[in-house]
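Residue numbers (the numbering used here): 33 to 95.
Down below is the structure, laid out as structure tokens.
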């Protein structure tokens with residue numbers, strides 16, 4: 033992913049527009065979710081508060 037080092041949680045609308053193709057690739061291969069804003073990424077370092085979702089629990093159980 034050839035984008036700024038800044039976490040995607042802090043991207044401006046302009047940054048999202050400029051790097052949309054890279055962002056979509058990250059979201060498609062997502063393995064982590066930001067617990068602060070809900071964004072997803074394959075690389076945990078791109079999120080400010082990354083968590084790896086537990087595939088066996090429902091969203092209600094993770095609160």
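A virtual CB, placed ideally from N, CA and C, is assigned to each residue, including glycine.
By the 16-neighbour rule on beta-carbons within 10 angstroms, residue 39 is buried. With contacts defined by Cβ atoms closer than 9 Å, residue 68 and residue 41 form a contacting pair. Residue pairing of residue 74 in beta bridges, as defined by DSSP: absent, with no partner found.
Shortest Cα-Cα distance from residue 66 to any of 60, 76 and 58 involves 76.
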